[in-house]
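A.B. asks: Structure below; questions to follow.
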Amino acid sequence: MKLECRHLSKIFGAGVKATRALEDISFETTEGEFLCILGPSGCGKSTLLRIIAGLLEPTGGEVIYSGNNTDGPLNSMVFQEHGVFPWMNVIDNVAFGLEMRGVSREERYKRSLDFLKRVGLAQYAMRNPHELSVGMRQRIAIARAFVNNPEILLMDEPFGSLDAQTRLILQDELLKIWSDHKKTVIFVTHDIDEAILLGDRVLVMTSVPGRIREVITVGIDRPRDLQIESTQKFLDMRMKIWNIIRSEVERAMTVGSS
Amino acid sequence: MTLNTDGIWYKLLPVGSLAGILILWELCGRLGLLNPLFFPVPSLIAIAFCSMLADGEIQANLSITLLRVFAGFLIGTIPGISIGLLMGASERTRLLLDPVVAATYPIPKLAIFPLLMIIFGIGELSKIMAIAIGCFFLVLINSMAGVRNINKVYFEVAKNYGANKSQLFTRVILPASLPMIFTGIRLALGTSLIVVVGVEFVSANYGIGALIWNAWETFEIEKLYVGIFLCAILGILFTVILKWVEERITPWFGHMAHRDQE
């Protein structure tokens with residue numbers, strides 16, 4: 010399954026209050042690619058992801074999914090935080106997508122429990138999310154998306170609200186799960202290190218209006234883990250992206266403070 | 508100073524204030540500092556309570572009051588929650604009905620009781636309907652607010668994972684608004700106590716309101732206090748039972764993302 014965005018634009022509001030959130034966004038993914046969308050906060054990267062997910066209508070342009078359609082949904086999203094329902098226990102949260110698609114209770118519990126076992130959360134299956142840590146809740150959100158078996162996974166800064174240590178563990182875990190499934194992933198983040206560690210390509214965005222500034226191929230061998238963050242190649246890549254993004258961040262800060 | 512939670516004081520202090528007031532009251536009465544016409548001592552009230560319990564007067568009045576409260580509560584709450592949820596979920600319904608609710612909600616429920624007696628007669632129905640109307644608005648407004656305060660992200664998750672309208676309602680809207688529905692129910696139970704006593708003052712032979720009113724007319728001051736005491740007990744009982752139910756149905760309350768946290 011391939012995803013293509015053609016000349017996407019998004020304007021919020023109308024008249025003098027209109028904000029151009031996105032302008033002329035065009036890119037495509039390749040099969041099984043891990044694509045990171047990197048940009049400063051307010052650059053419209055979450056808006057872009059919501060348009061791809063079909064949660065928002067673009068003002069212009071189109072999103073095209075092409076390829077052999079399997080029985081799964083086109084996309085499933087992992088939300089920033091608060092995406093896990095507090096009124097459902099862990100396994101019902103994980104099985105939510107399957108339940109919505111009418112998969113029998115026995116079958117969806119079996120698939121969800123299999124996945125929970127793999128990420129070491131099986132013993133929490135019947136617990137309520139509020140009894141678990143924020144990091145565990147995000148793992149549940151990730152599990153919900155993978156169990157739903159979509160063509161493309163969309164992730165909206167899923168580790169943004171986690172402390173640094175938990176984030177490292179979850180990045181590692183995500184890489185492991187992804188290497189088993191080889192799904193196409195579009196991962197939104199504002200963290201340069203995270204984008205390089207996870208992505209095959211990094212799509213760097215500028216803000217107000219959100220545009221694609223540059224597309225960078227990471228080119229670091231897989232399987233990857235945290236070790237690569239101390240290699241020269243990683244550091245060079247980080248400096249390269251930082252140089253691209255620096256002027257943007259500075260500009261956004263002056264706009265924000267004026 | 509911090510108290511040891513296992514210590515005897517930790518358990519005694521909360522009841523201490525109540526017991527203290529009763530003891531002080533009894534003492535002042537015995538010493539002749541209180542006029543027994545207005546403030547009979549607690550021991551006399553307790554004796555009156557026991558004799559009323561023995562001849563079945565309390566049971567007869569309490570049961571009819573409870574019956575009116577629960578009938579009115581059910582008749583008012585069920586449509587109140589349904590319409591409130593609908594108004595919360597559907598902008599069109601809200602635009603249509605909001606002015607009606609805003610115009611009728613502030614009318615004191617006792618003010619329309621004479622009208623209800625004309626419509627439903629002076630029997631049970633008019634009393635039950637007065638309570639039902641009082642409950643109806645409170646649960647409606649809170650259920651509507653419950654839906655409107657649901658964090659946008661829950662709707663996005665539901666849409667992204669393919670929920671249809673009925674799944675959206677049963678799996679997201681209803682559970683997410685339960686805490687506010689409970690708030691409405693709590694307020695409704697409190698209001699139904701006020702309304703039931705009010706309507707029993709004017710139009711009932713039995714019931715706690717009638718008991719208090721008759722005691723005033725015959726100047727049986729201890730009975731009057733027993734009636735007030737029964738009202739207090741009912742109020743506390745409703746609160747405790749509701750809290751118990753609420754903690755079992757929505758244990759996750761307080762861990763939910765609200766709209767203003769986006």
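Chains as they are written, first to last, in the working numbering: chain W, 10 to 267; chain Z, 508 to 769.
Ideal placement from N, C-alpha and C gives every residue a C-beta, glycine not left out.
Note that the structure is a prediction, hence the values are computed from the model and not measured.
Measuring only the C-alpha atoms, how far is W:P159 from W:E66?
C.D. replies: Along the first sequence, read from residue 1 onward, the residue named residue 159 of chain W stands at position 150. Along the first sequence, read from residue 1 onward, the residue named residue 66 of chain W stands at position 57. Their backbone Cα atoms lie some 20 Å apart in a straight line.
A.B. asks: Could you list which residues in chain W have their beta carbon closer than 7 Å to that of Z:K666, in chain order?
C.D. replies: Indexing the second sequence from 1 puts residue 666 of chain Z at position 159. Per Cβ cutoff of 7 Å: L64.
A.B. asks: Which residues share a DSSP beta bridge with Z:C535?
C.D. replies: As a working note, residue 535 of chain Z is residue 28 in the second sequence. BP columns for Z:C535 are empty, so no partner.
A.B. asks: I'd like to know whether the C-beta of Z:G691 is nearer than 8 Å to at least one C-beta of chain W.
C.D. replies: In the second sequence, counting from the first residue as 1, residue 691 of chain Z sits at position 184. No - not a single Cβ of chain W is within 8 Å of the one on Z:G691.
A.B. asks: Once you ignore the five residues that flank W:M164 on each side, which residues in its own chain have a CB closer than 6 Å to its CB?
C.D. replies: Position 155 of the first sequence, counting from 1, holds the residue named residue 164 of chain W. Counting only Cβ-Cβ distances below 6 Å, and skipping sequence neighbours, we find V87, F196.
A.B. asks: Could you compute how far the alpha carbon of W:M248 sits from the alpha carbon of Z:P682?
C.D. replies: One-based indexing of the first sequence puts residue 248 of chain W at position 239. One-based indexing of the second sequence puts residue 682 of chain Z at position 175. Taking the straight line from one Cα to the other gives about 48 Å.
A.B. asks: Which one or two residues does DSSP pair with W:L47 in a beta bridge?
C.D. replies: On the first sequence, position 38 is the one that residue 47 of chain W refers to. Answer is W:T198, W:V213.
A.B. asks: Which whole runs of the beta strand (DSSP E) in the region 75-101 of chain W are 3 residues long or more, in chain order?
C.D. replies: 84-87, all fully within the region 75-101 of chain W.
A.B. asks: Classify Z:L602: buried if its beta carbon has 16 or more other beta carbons within 10 angstroms, exposed otherwise.
C.D. replies: What you label residue 602 of chain Z is simply residue 95 of the second sequence in a count that begins at 1. It is exposed - the Cβ of Z:L602 has fewer than 16 other Cβ atoms within 10 Å.
A.B. asks: For Z:L551, I'd like the list of residues in its chain whose CB is within less than 6 Å of its CB, leaving aside the five on either flank, ordered along the chain.
C.D. replies: The residue labelled residue 551 of chain Z in the question sits at position 44 within the second sequence. Result list for Z:L551: E729, in chain order.
A.B. asks: Which residues bound the beta strand (DSSP E) around W:C14?
C.D. replies: Stepping through the first sequence from its first residue, residue 14 of chain W is reached at position 5. 11-21 is the extent of the beta strand (DSSP E) around W:C14.
A.B. asks: Mind checking if Z:Q566 is an interface residue toward chain W, Cβ cutoff 8 Å exclusive?
C.D. replies: Translated into positions along the second sequence, residue 566 of chain Z becomes position 59. No, because no Cβ of chain W sits closer than 8 Å to the Cβ of Z:Q566.
A.B. asks: Hey, out of W:H190, W:A27, W:P95, W:N77, whose CA is closest to W:A154's CA?
C.D. replies: Stepping through the first sequence from its first residue, residue 154 of chain W is reached at position 145. It is W:H190 whose Cα lies nearest to the Cα of W:A154.
A.B. asks: Decide if Z:N712 is buried, meaning its Cβ has at least 16 other Cβ atoms within 10 Å, or exposed.
C.D. replies: Position 205 of the second sequence, counted from the first residue, corresponds to residue 712 of chain Z. So Z:N712 counts as exposed.
A.B. asks: What does DSSP give as the partner residue(s) for W:T5 in the beta ladder?
C.D. replies: Nothing about residue 5 of chain W can be reported from this structure: the residues present for chain W run from 10 to 267 only.
A.B. asks: Buried or exposed for W:R176, going by 16 or more other Cβ atoms inside 10 Å?
C.D. replies: As a working note, residue 176 of chain W is residue 167 in the first sequence. Buried, since its Cβ has 16 or more Cβ neighbours within 10 Å.
A.B. asks: Consider the Cβ of W:G53: report whether some Cβ of chain Z lies at a distance smaller than 8 Å.
C.D. replies: Here residue 53 of chain W refers to the residue found at position 44 of the first sequence. No, no contact with chain Z.
A.B. asks: Tell whether a beta-carbon distance below 8 Å holds between W:L57 and W:G208.
C.D. replies: Within the first sequence, residue 57 of chain W is the residue found at index 48, counting from 1. Within the first sequence, residue 208 of chain W is the residue found at index 199, counting from 1. Result no, Cβ atoms of W:L57 and W:G208 do not sit closer than 8 Å.
A.B. asks: Could you tell me the distance, in whole angstroms, from the CA atom of W:I61 to the CA atom of W:D33?
C.D. replies: On the first sequence, position 52 is the one that residue 61 of chain W refers to. On the first sequence, position 24 is the one that residue 33 of chain W refers to. If you take the alpha carbons of W:I61 and W:D33, they lie about 14 Å apart.
A.B. asks: DSSP puts W:T226 in a beta bridge; with which residues?
C.D. replies: Residue 226 of chain W sits at position 217 when you count from the first residue of the first sequence. Per DSSP, W:R210.
A.B. asks: What residue range does the beta strand (DSSP E) around W:T28 cover?
C.D. replies: Against the first sequence, residue 28 of chain W aligns to sequence position 19. Start and end: 28-37.
A.B. asks: Taking C-beta to C-beta, are Z:S699 and Z:C738 nearer than 8 Å?
C.D. replies: Your numbering for residue 699 of chain Z matches position 192 in the second sequence. Your numbering for residue 738 of chain Z matches position 231 in the second sequence. Their beta carbons are not under 8 Å apart, which means Z:S699 does not touch Z:C738 by this criterion.
A.B. asks: For Z:L581, which option in Z:E753, Z:L520, Z:L696 has the closest C-alpha, if you only look at C-alpha atoms?
C.D. replies: As a position in the second sequence, residue 581 of chain Z is number 74, starting the count at 1. Nearest of Z:E753, Z:L520, Z:L696 to Z:L581, Cα basis: Z:L696.
A.B. asks: Counting along the chain, where does the alpha helix (DSSP H) carrying Z:V548 start and finish?
C.D. replies: To locate residue 548 of chain Z, count along the second sequence from 1; it is residue 41. Per DSSP, Z:V548 belongs to no alpha helix (DSSP H) and is neither H nor E.
A.B. asks: Are the C-beta atoms of Z:A683 and some chain W residue less than 8 Å apart?
C.D. replies: Here residue 683 of chain Z is taken as the residue at index 176 of the second sequence, counted from 1. Proximity of Z:A683 to chain W, defined by a Cβ-Cβ separation below 8 Å, is satisfied.
A.B. asks: Expressed to the nearest angstrom, what Euclidean distance is found between the alpha-carbon atoms of W:I253 and W:S216?
C.D. replies: Position 244 of the first sequence, counting from 1, holds the residue named residue 253 of chain W. Position 207 of the first sequence, counting from 1, holds the residue named residue 216 of chain W. Those two C-alpha atoms are separated by around 13 Å.
A.B. asks: Should Z:V654 be flagged as near chain W, meaning a C-beta pair shorter than 8 Å?
C.D. replies: Position 147 of the second sequence, counted from the start, is the residue given in the question as residue 654 of chain Z. So, not an interface residue.
A.B. asks: Any idea which residues DSSP pairs W:G69 with across the strands?
C.D. replies: For this step, residue 69 of chain W is matched to residue 60 along the first sequence. Its beta-bridge partners are W:S18.
A.B. asks: Is any beta-carbon of chain W found at less than 8 Å from that of Z:G523?
C.D. replies: Counting from one through the second sequence, the residue named residue 523 of chain Z turns up at place 16. Not closer than 8 Å to any Cβ of chain W, the Cβ of Z:G523 fails to qualify, so no.
A.B. asks: Just checking, does the region 588-601 of chain Z make contact with the region 646-664 of chain Z on the three C-beta pairs under 8 Å criterion?
C.D. replies: Counting Cβ pairs under 8 Å, three or more are found: they touch.
A.B. asks: Tell me, please, whether the CB atom of Z:G669 is closer than 8 Å to any CB atom in chain W?
C.D. replies: For the purposes of this step, residue 669 of chain Z is identified with residue 162 of the second sequence, where counting begins at 1. Output row for Z:G669: interface = yes.
A.B. asks: Would you kindly check if the distance between the Cβ of W:I201 and the Cβ of W:I237 is under 8 Å?
C.D. replies: In the first sequence, counting from the first residue as 1, residue 237 of chain W sits at position 228. In the first sequence, counting from the first residue as 1, residue 201 of chain W sits at position 192. In this structure, W:I237 keeps its C-beta atom at 8 Å or more from the C-beta atom of W:I201.
A.B. asks: Could you name the residues that DSSP lists as bridge partners for W:G219?
C.D. replies: Along the first sequence, one-based indexing puts residue 219 of chain W at 210. Note: W:G219 sits in a beta bridge opposite W:L31.
A.B. asks: Given a cut-off of 8 Å on the beta-carbon distance, is the pair W:R146 and W:V93 in contact?
C.D. replies: Position 137 of the first sequence holds residue 146 of chain W. Position 84 of the first sequence holds residue 93 of chain W. Cβ atoms of W:R146 and W:V93: closer than 8 Å.
A.B. asks: For the alpha helix (DSSP H) holding W:P232, just list the boundary residues, first then last.
C.D. replies: Taking the first sequence and counting its residues from 1, the one referred to as residue 232 of chain W is at position 223. Careful: W:P232 lies outside any alpha helix (DSSP H) and carries neither H nor E.
A.B. asks: So, helix, strand or coil for W:A8, using DSSP?
C.D. replies: This structure gives no information on residue 8 of chain W, because the portion of chain W shown stretches from 10 to 267.
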